[in-house]
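Structure, as structure tokens:
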Amino acid sequence: AARHLAELGAKVIVVLTEGQPGTEIAREMFEKLSGTTVKTVDYLETPEIIAPMLSSADFIVDAIYGIGFHGSVPEYLHPLFIVVKSCTATVISLDIPSGVICDTGGIEGKCIRANYTVSFTTLKNAHLLQPGKTYCGQVAVVPVGITAALVNRQPTTLEVTEQNVARTMVKPRKPESNKGSYGRLLCVCGSAGMAGAAVLSAKAAIRCGTGLVNVALPSTIYPIVASQVVEPVYTLLNHLPNGALSGESERNLLAFLSRSTACLIGCGLGKSAASVALVTKLLATAKCPLVIDADGINILAEHIDILKTAKGPVVMTPHPGEMARLLKTNVADVQAHRLEYARSFAAEHHVTLVLKGAGTIAVSPEGKAFLNITGNPGMAKAGSGDVLAGMIASFVAQGVQPLTAAAGCVYLHGMAGDRCAQRLSKCAMLPSDMIEKLPELFLEIER
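FYI, the numbering for the sequence shown is 24 to 470, going by my numbering.
Below, the structure written as structure tokens:
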């Protein structure tokens, strides 16, 4: 690259960060610089002259480390990285910004923040996963002679979710079908002060086509929820003075659970002793798939062994804070290892995991992973997760495989958010607005 740029008339300086090139091909290319106008400088020998050179540059091409980099940048290079950060030059990284871990997008110390990244042949994980994505700037994929056949022979560690995934969920409805053809969903959601979670999750589930939605909630919030969403049937839960469900409430709940094709647990449920007992009972009893969100996850974080009692498939939808509680770590650690932690948790606990946030990841117990690139910061509002949980539970209830339902619904959820942002603004859009955009998206898919 240096030689070709010089031939085009650019004034080029090559900074060697680790002495002379080590590989045969690199040495061959380096030797071709002799006789050209390219100047070479050894950073190890003369580090003091690097800062003035970089400060006067128009462009800095970062080719220190590539896709094989792991760990942290050695300390002797820290001054160089600090100088690059302070420069006004346009920074172009080759394949991946130096210091970013390609497979995970993680950063463990210093790294280059590029304005542009030129990726060879195909996108890499770190171009899509935070925090690495932020440091890549604008990414351009360029061919370098590697054939598609060779690329396709490599195992795919991460797929970007596209509309075709969502399209596989939305099947044509047969003329002779009835509500029983489209699943029975039990939503165990809501508590005093959090009635809205039950409203949003139930509305989202109904909008996504479930044949019958039953919302099981405390009788005290029934008037609020029923006045906002009239399509479900309701199971009213009454509690004894000790916090336990009354015998009649438990019998009614378990009777519908036995006929359900999926169960959503946790949206606005609270973390009381009664909620812990309820989650424990549902996990141990349900034979249908379970979608666990919000306080259902927070309860599991304190009682993770309960998860072992589940008899059917489980989908969990934590945000980074909830994931940190599940793993007994902090949010920064989760965000630095999103794909790695999501995949390991899904495998260890045999669940489909949806790790929410910018670049939501959906992972199966077997390790297949989808990355979502729809959505925007306007969705960062309380209630957005309840909408997503209701959507996923709806399609699982209709018989869609958990990973497909998770990945497809995350995509549609983000698309609905993008439509809302375009028409209402990121500031003013609401989670309930996203539900109202779903029919528009389904019409596009059905066409």
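For each residue, glycine too, the CB sits at the ideal point set by N, CA and C.
A309 and C290 do not touch by the CB rule: their CB atoms are close to 16 Å apart, not below 8 Å.
About 5 Å separates the beta carbon of M192 from that of G431, a gap short enough to meet the 8 Å contact definition. Annotation: S283 to A392 spans about 28 Å, alpha carbon to alpha carbon.
Per the DSSP secondary-structure output, F279 pairs with nothing in a beta bridge. The stretch 132–161 is shown to contain whole alpha helix (DSSP H) runs of 4 or more residues at 155–159, in chain order.
Listed in chain order, the non-local C-beta contacts of R50 below 6 Å within the same chain comprise P44, local neighbours out to five positions each way being set aside. Annotated three-state conformation of C286 is strand, per DSSP.
In this structure, the CA atom of V374 is about 9 Å from the CA atom of E389.
For M339, the enclosing beta strand (DSSP E) has its first and last residue at V337 to M339. For D409, the enclosing alpha helix (DSSP H) stretches over residues S407 to A420. Contact check for V114 against I135 passes: the beta carbons are separated by less than 8 Å. Listed in chain order, the non-local C-beta contacts of N353 below 6 Å within the same chain comprise A347, local neighbours out to five positions each way being set aside.
Apart from the 5 residues on each side of it in sequence, I130 sits with its Cβ closer than 8 Å to the Cβ of G122, V123, I124, P154, G155, Y158 and A359 in its chain, given in chain order.
Per DSSP, T243 lies in no alpha helix (DSSP H) segment and is marked neither H nor E. By the Cβ rule, the stretch 251–270 counts as touching the stretch 222–235, because three or more pairs are nearer than 8 Å. Its Cα nearest to that of L350, the residue I327 stands out among L208, I327 and K331. In the DSSP assignment, A392 falls within the unbroken beta strand (DSSP E) covering A392 to L394.
For T191, no beta strand (DSSP E) segment is defined; the enclosing uninterrupted segment is the alpha helix (DSSP H) at Q186 to M192. Take the alpha-carbon of V96 and the one of I48: they are about 24 Å apart. Spanning the alpha carbons of V423 and L181 requires a straight line of approximately 21 Å.
Judged by DSSP in its simplified three-state form, A163 adopts strand.
Secondary structure of E98 (DSSP, three-state): helix. The beta carbon of L117 is closer than 6 Å to those of A86 and V141 in its chain, skipping five residues each way along the sequence.
Fully enclosed beta strand (DSSP E) runs of no fewer than 3 residues occupy 313–315 and 337–339 of the stretch 286–356, in order along the chain. The continuous stretches of alpha helix (DSSP H) do not include A385, which lies in the beta strand (DSSP E) extending over residues I384 to V386. Excluding its 5 nearest sequence neighbours in each direction, F92 has C-beta neighbours in its own chain below 8 Å: I119, S121, G122, V123, I124 and C125, listed in chain order.
T63 sits in a strand when the DSSP states are folded into three classes.
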